[in-house]
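The numbering of the sequence shown is the working numbering, which starts it at 768 and goes up by one. What follows is a short report on a single structure.
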Amino acid sequence: MVSPIMLPVVALIVGCSLSVVLTPMARYFAIKFGLVDYPDRRRKLHRQPVARCGGPVLIGTLFLSVLAAIVIFPEQAIHLVEKSSQAASLALGAVAIAGLGMIDDRYGLLGRQKLAIQIAICLGMIAFGFDLKTIQIFRYTVDLGLLSWPISLIWLLLCINAINLIDGADGLCSTIGAIALFAVAAISSYTGNHMEAIIAASLGGALVGFLAFNLPPAKVFLGDSGSMVIGLFLGVLTMRAWFSHDASISI
């Protein structure tokens, strides 16, 4: 039997391997359907159109690797989803935010349009239990009460858009996202949230595999679809991963 501590390592390897396989396929279809970033001789200095396919790669890799982990280690799955509605909410939220990013990558949306849809997606996930009800600092716990939803919404929007805004150089967002997700995986393992660790490690591994094509000169870009997926999962996982019933501290 694999130790729970080893689960993120296995997830990382699986995620990285799947990403290396899926990225060229996603790149082909992105170019075919016009999901590309064109050079403009000002800020976008690449010499030819580059595929924006981060969202499909990350979603596909994550779903396949987490599905494999749940099938192989079903006893760990309960740490992520106590109710089936939460599993559906997380999956639909991820697909929705990736879809929003793909539409923006293809057609371009106004900032207020993106924000409105982001709010709707985040509120949907919060309604199904992905929220901060308390904040724990060492041994002191603060009950947020009526502020739970507003603070949770602000946190998710900050994570999504912070990651989205740093996606401006080859490999930058992928590298930062991978480092952050590996940190979340380590914290999750420490606090006993093993399924969260599997998800974070899988997504981090997917970014490492994606980096093989994203380092300069980049053959693919994350695009809004990829960067917003990273931000959404960082927001959700950090809300769930830092609390432990057995540990006396939370990060």
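C-beta atoms are modelled at their ideal positions from N, C-alpha and C, and glycine is treated no differently. Just so it is clear, the structure is predicted and the values come from calculations on it, not from any experiment.
Query                                                                                           : Result
For Ala855 and Ile965, believed in contact at Cβ under 8 Å, the rounded distance                : Incorrect: roughly 18 Å between the Cβ atoms, too far for contact.
Buried versus exposed, by CB contacts within 10 Å (16 or more), Arg910                          : At residue 910 the sequence reads Asp, which differs from the Arg that was named. With fewer than 16 Cβ atoms within 10 Å of its Cβ, Asp910 is classed as exposed.
Opposing strand residues paired with Arg819 [DSSP bridges]                                      : Phe988
According to DSSP, residues forming a beta bridge with Ile902                                   : Val909
Pair within 8 Å by beta-carbon distance, Ser832 and Leu785                                      : yes
Distance between beta carbons of Leu974 and Ile930, contact taken as under 8 Å                  : The pair is not a contact, with the Cβ atoms about 11 Å apart (cut-off 8 Å).
Endpoints, alpha helix (DSSP H) assigned at Met892                                              : 878-894
Straight-line Cα distance separating Ile772 from Ser956                                         : 6 Å
Cβ shell of Ala863 (< 6 Å), same chain only, five flanking positions each side left out         : Ile888
Cα-Cα separation between Met792 and Met995, rounded to whole angstroms                          : 21 Å
Pair within 8 Å by beta-carbon distance, Asp872 and Leu802                                      : yes
Touch test, the region 914-924 against the region 932-947, Cβ-Cβ under 8 Å, three pairs minimum : no
Backbone secondary structure at Asp934 - three-state DSSP                                       : coil
Continuous alpha helix (DSSP H) stretch holding Ile943: start and end                           : 939-957
Cβ separation of Gly938 and Leu982, assumed to be a contact under 8 Å, to the nearest whole Å   : 4 Å
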